[in-house]
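Q: Questions regarding the structure given below will be posed in turn.
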Amino acid sequence: MTPNTREPFVTYLELRESTVDGDVGAGLSHTSKGLVLLHVLELAADGEPRGAVTVVHDAGDHGGRYMPFARDLAASGWAVALPDLRGHGKSEGARGHTSGVKEIVRDLGDVQDHLAYRQPDAPKVLVGQGLGALWCLAYACEKPEGVAALVLVSPLLSPRFELPERAGGLAKLWKKVGPTSPGRTGWSADRRTSDAAQARAIDADKDVHGIVTLRAGEEALEVARGYVPKIATLAMPVLVLAGTNDEIAPIADARKLKAARVDVIEFESARHDLFHEAQSREITASVTRWLDTKLPR
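Next up, the structure:
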């Protein structure tokens, strides 16, 4: 596989307002500085594109960190989109916050619609890492007609975050804890990857914040409870990738997902952040091979 040498380009999508439940609000989201925008890095395919892949990052992460993986996908003929979800990376919004899965599905739908404008009949693939895998699963369940294949990488099937506790009784009078109150993933860089250089890069990346708000954390739990049992019923092919040394998304949970239309591939000694592990090229190759099998040119 020859790495794609093209430079990525940036697309900004306008974000709609959300109600407290994540439904679409009255209009476009604004701040005192102007429109609230979704930052999307894109990479063109080498040669004639065979379809488009959207890669959805983990909690507290951003799309730009997945550029090496995107280059390998592009070298295989896929156009690639790397969105920063609201409150992450270079997208706007409260850090680490979402107003709910409905908002996530809407935003991913806007990315998919943007890609479909350029390739209306080409297959669209979703790849999600960690929490991003949960969001991709929710989208695939709600909008199955728009997903040709689904790849869940270290999916947070039982998400656990360090969230602020809601105050009860008289404590409500002075302890202000609400949906946007910040919590943390609690993930150190060395828990995410066994590659020391990649761990240092995570710690040095100013766009990796590790923040999860109370609403985002609670919504992750609800999505896991509501959508994980539906994985085996999805019509599109599903690939699950998991590391045997992943403390954040334990391998035992991933093994339970194997079914007729769900393939599970394990990587010995790998931790949570598979695309930034020592064997990342092998892991990336497993994705491109699987896509070649399920969605041949």
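7 is the number of the first residue of the sequence shown in our numbering; add one for each residue after it.
The beta carbon of each residue, even a glycine, is placed where N, CA and C say it ideally should be.
I need the straight-line Cα distance from residue 217 to residue 141, nearest angstrom please.
A: Using only the alpha carbons, I get a separation of about 17 Å.
Q: Checking 8 Å against the spacing of the C-beta atoms, do residue 146 and residue 156 come in under that value?
A: Their beta carbons are under 8 Å apart, which means residue 146 touches residue 156 by this criterion.
Q: Give the secondary structure of residue 38 by DSSP, where H, G and I count as helix, E and B as strand, and everything else as coil.
A: Annotation note: pLDDT 47 at residue 38 (below 50); position unreliable, no value reported.
Q: Answer with buried or exposed for residue 44, where buried requires no fewer than 16 other C-beta atoms within 10 angstroms of its C-beta.
A: Flag for residue 44 reads buried.
Q: Assuming residue 19 and residue 116 form a contact by the criterion Cβ under 8 Å, report the distance between their Cβ atoms to the nearest whole angstrom.
A: Confirmed, about 5 Å.
Q: Scan the segment 90–173 and note each continuous alpha helix (DSSP H) run of 4 residues or more that stays entirely inside, going in chain order.
A: Counting whole runs of 4 or more residues, the segment 90–173 contains the alpha helix (DSSP H) stretches 107–124 and 137–148.
Q: Please work out which residues of its chain come closer than 7 Å, Cβ to Cβ, to residue 236, disregarding the five sequence neighbours upstream and downstream, and give them in chain order.
A: Hits under 7 Å: 147.
Q: Tell me the rounded alpha-carbon separation between residue 169 and residue 94.
A: Whole-angstrom Cα-Cα distance: 18 Å.
Q: When you compare only the Cα positions, how much space is there between residue 299 and residue 82?
A: So the alpha carbons of these two residues sit roughly 13 Å apart.
Q: With a Cβ-Cβ cutoff of 8 Å, do residue 76 and residue 88 count as a contact?
A: Result yes, Cβ atoms of residue 76 and residue 88 sit closer than 8 Å.
Q: Applying the 10 Å Cβ sphere with the 16-neighbour rule, what's the burial state of residue 273?
A: Residue 273 comes out buried.
Q: Taking the C-alpha atoms as reference points, what is the distance between residue 292 and residue 100?
A: Taking the straight line joining both Cα atoms gives about 35 Å.
Q: Are the segment 104–111 and the segment 129–139 touching by the rule of at least three beta carbon pairs closer than 8 Å?
A: As far as the Cβ criterion goes, the segment 104–111 does not touch the segment 129–139, which means the pair count is below three.
Q: Below 7 Å CB to CB, which residues in the same chain sit around residue 51 once its five sequence neighbours on both sides are set aside?
A: Hits under 7 Å: 80, 83, 84 and 85.
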